[in-house]
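Trainee:
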Amino acid sequence: MKQKINHNSETSQNILKIKVQGLIYQNALYTIIAIFFGFLVGGIFLWSAGFSPLEAYAKLFSSVFSRPKYLIWSVIYATPLVFTGLSVAFSYKMGVFNIGAEGQFVVGSLAALCVGILVDAPPVLHVLLCMLAAIAAGMVWSFLVAVLRVRFGINEVLSFIMFNWIAFYLSNYVINTKTIHKVGGGEASKDIRESARILLPQSLQNIFQSNKANYGILLAIIAAVAIWFILTKTTFGYRVQAVGLNPHAAKYGGINSDKTMYIAMSLSGALAALGGAVQLMGNSMRISQFAGQEGFGFQGITVALIASSHPIGCIFSGLFYGAMKYGGSKLNLIDAPTEVVDIIMGTIVLFIAISHVFRYLITRRLKNKEEK
Amino acid sequence: MEELIKNLGLIINATLIATPPLLYAALGSTFSERSGVINIGIEGIMTIGAFVGAAVAHFTGNAWLAFLCGGLVGALFGLIHAIACVSFGADQTISGTAINFLAPGVAIFVCKALFEQSSNTPPLDTAQKLPKLFNGIFEVGSFWNNVLNTYVATYLAFVAVAVVWFIFYKTRFGMRLRAVGEHPKACETQGINVFRIRYIAVIASGFFAGLGGAYVTLCTVSQFRPEVIVGQGFIAIAAVIFGKFTPHGAMGACLLFGLCNGLKVLLGSGNVISPNLISMIPYVVTIITLVLFVGKSRVPAASGKPYLKQK
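The listed protein sequences derive, respectively, from chains H and W.
Sequential numbering of the first sequence, starting at 6, is according to our numbering.
Sequential numbering of the second sequence, starting at 117, is according to our numbering.
#1: Is any beta-carbon of chain W found at less than 8 angstroms from that of H12(H)?
#2: Which residues in the same chain as A191(W) place their Cβ atom closer than 8 angstroms to its Cβ, once the five residues preceding and following it in sequence are excluded?
#3: Can you give me the Cβ contacts of V381(W) inside the same chain, cut-off strictly under 6 angstroms, excluding the 5 residues immediately before and after it?
#4: Less than 8 angstroms between CB atoms is the rule here; does K228(W) satisfy it with respect to chain H?
#5: Compute the distance between the beta-carbons of F88(H) and A309(H), then report whether it is under 8 angstroms.
#6: Can you name the residues of chain H whose CB is closer than 7 angstroms to the CB of S211(W)?
#7: Along the chain, where does the alpha helix (DSSP H) that runs through N211(H) open and close?
#8: For the alpha helix (DSSP H) holding Q246(H), just list the boundary residues, first then last.
#9: Exposed or buried, what is E192(H) when buried is set at 16 or more other beta-carbons lying within 10 Å of its beta-carbon?
#10: Starting from A193(H), follow its DSSP beta bridges and name the residues at the other end.
#11: Would N103(H) and V112(H) qualify as a contact pair, given that the criterion is a beta-carbon distance under 8 angstroms?
#12: List the residues of chain W whose Cβ lies closer than 8 angstroms to the Cβ of D263(H), in chain order.
#13: Looking at chain H, is there any beta carbon in it that lies within less than 8 angstroms of the beta carbon of A206(W)?
#14: Beta-carbon separation of F183(W) and L246(W) under 8 angstroms?
#15: Beta-carbon separation of I224(W) and E344(H) under 8 angstroms?
#16: Could you check whether the Cβ of F102(H) sits closer than 8 angstroms to any Cβ belonging to chain W?
#17: Can you round the beta-carbon distance between A273(W) and Y140(W) to whole angstroms, since I take them to be within the 8 angstroms contact cut?
#18: Quick one: list the residues of chain H neighbouring Q458(W), beta-carbon separation under 8 angstroms, in chain order.
#19: By alpha-carbon positions, which one of P127(H), Y326(H), G108(H) and L279(H) ends up nearest to L224(H)?
#20: What does DSSP give as the partner residues of K248(W) in its beta bridges?
#21: If we ignore side chains and look at the alpha-carbon of each, how far apart do F173(H) and F350(W) end up?
#22: Go to S147(H), then tell me how far its alpha helix (DSSP H) extends in each direction, as first and last residue.
#23: Examine the Cβ distances between the region 174–186 of chain H and the region 124–139 of chain H and report whether three or more of them are shorter than 8 angstroms.
#24: Hey, quick one: how far does the alpha helix (DSSP H) through G187(W) stretch, first residue to last?
#25: Just tell me which of I313(W), I345(W), V401(W) and L408(W) has its CA closest to the CA of A219(W).
#26: Run down chain W in chain order and give the residues with a C-beta less than 8 angstroms from the C-beta of I306(H).
#27: Check N123(W) in the structure and name its three-state DSSP category.
#28: Of all the CB atoms in chain H, is at least one closer than 8 angstroms to the CB of T266(W)?
#29: So the candidates are V80(H), K98(H) and A328(H); which of them puts its Cα closest to the Cα of D237(H)?
#30: Using a C-beta to C-beta distance shorter than 7 angstroms, which residues of chain H count as neighbours of V415(W)?
#31: In angstroms with no decimal places, state the Cα-to-Cα distance between A277(H) and F303(H).
#32: Going along chain W, which residues have a C-beta under 7 angstroms from Y178(H)?
#33: How long is the line joining the alpha carbons of G420(W) and A206(W), rounded to whole angstroms?
Right, here's the structure in full:
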């Protein structure tokens, strides 16, 4: 009898596995459809503005792939997006839509900036200190929103939006203070100390022909694998997913959903903040006064959506977005507006948002075929 | 004393000029929120409204036509949001995020295509901007000139509040709109077309947000720049929450937040208080309100939930 039960649960597990795998393939299909529509709509805009879409897209791709140096730049562009994508994907697993990654990114880079300028420490330790500061800042920023949701029942989307803008003006405020602001002209902070930078050694930089080649992408990959491990191999990850799938059932099953929410949202904030730290310490080295939101967090939403919230998928969709951003920035060489990238990405997000319509259409067609 | 009154006049004036874009957008947000659809795309819609307003005024010289066109292009993006959220049941936050990519993207794309790779439109001269009411009636620099002599569109924003209030509380459509936001299923059993009402509400939200954006370029800034809106759409969303999802409440909130914006302009980069700290006020105040008055600023019950037609 016992064996039989075991056998049954094994087959049901297998069925579940097949179903999940099928879902992943399906999601990939819908994502590809969405990406196709994105390029189509972008192409229509290019064409109606008098550019050849083919020429523009060829320029976009050749500016990414034609030289190793360009590829390195695409990776540098992608690194922060992998982090914010992971942040959004992880919280989405718990049913929380982290539209606040933007603000967590900003406070993360701001905390790293302060430590990077004010603290004097030996190289490796300094980098660690900066990152710890960023993680702490991002966790606090996201934890507060979790408290507002759990304790006061306030919709997290609203508080995330508020916190994004508070972070925005906080950053502008801090970089204009005397100790942080650059000496002399320019609306920016000082540069962080050499010891706080995560650039590759000079010899490797020469090989990659880029003075901004940095360790960031390695950290991003480690983070992605860690999140994948947490989600699939740990009890905590199981709890997160259970809360995401059905909070009531999770509670009934004895999961403390409030505690899970606090920890998971803090972790999500830490990921976005690390993205900010890596962007600062590997690429920008300073924070300039914001005129508008930089969008790393919002772009992370796109990255997570394209990856269907799969942590490993976020690496690839982050690279895709990074390449689009870098390639898109070269479109001005043929006088085509760079913003076509925003149009393409916005369309992709819109089509992924309505992807269940494709699912409905496709399954209906398949059913009709079967009936015939 | 005279100096004080004059300064007071200037503050009131700055508030009156800074409030309408928030107010137009907030009215839009009230429309969609009350019908049960969250529209965080309002920020992006304001941006494209601002661009279309500036571009149409530049080419035609007709500011009123430009103002209307700003609203219409906003309505178009409202329609996109409605199709995704109402017909296709998309996640409203994700669809709104998509609009926030698309609308500014299209605005800057078209701007660069029209104006030789520049992301700014050429500055509008006074004749191309919306007119001021009471222009030349009061002595320049006097208290009343400071207070009353603002743009016609400023006054219109407050008229719009009255109109929207009337629609909400005195018409059958308004009653249905509010009901749909609370309990769509019950409405459908009463023969109310939930989809149609939500479509109208979301398109209206886009229209008002577009007007708000166009107001910025046609009255205050005189030129489109990519960062011309920065956050005003989100402040409007905050104002609606702060104003408990009513048009008159939103007006009060917008006046308060408009005062913050006005103070920022007046104080400039003076050393009294950092403008960055003043800019935070609307957001901090909104969060504090939410915490202090939990339950009092109640979100419409069906807000954010896609509604699928019953069979």
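C-beta atoms are modelled at their ideal positions from N, C-alpha and C, and glycine is treated no differently.
Mentor: Put simply:
#1: No answer about H12(H) holds up, because its pLDDT of 49 lies below 50 and its placement is not dependable.
#2: I319, A320, G322, F323 and G326
#3: A130
#4: yes
#5: no
#6: L355 and A358
#7: Q207 to F213
#8: T240 to L250
#9: exposed
#10: S293(H)
#11: no
#12: Within 8 angstroms Cβ-Cβ: nothing; D263(H) doesn't reach chain W, min ~16 angstroms.
#13: yes
#14: yes
#15: yes
#16: yes
#17: 6 angstroms
#18: The structure shown does not extend to residue 458(W), since chain W is modelled only from 117 through 427, so no value can be given for it.
#19: L279(H)
#20: Y267(W)
#21: 13 angstroms
#22: P128 to F157
#23: no
#24: A179 to A198
#25: I345(W)
#26: I210 and T213
#27: helix
#28: no
#29: A small fix is needed here, since residue 237(H) is Thr in this sequence, not Asp. Nearest of V80(H), K98(H) and A328(H) to T237(H), Cα basis: K98(H).
#30: N160
#31: 11 angstroms
#32: S390, N392 and L393
#33: 10 angstroms
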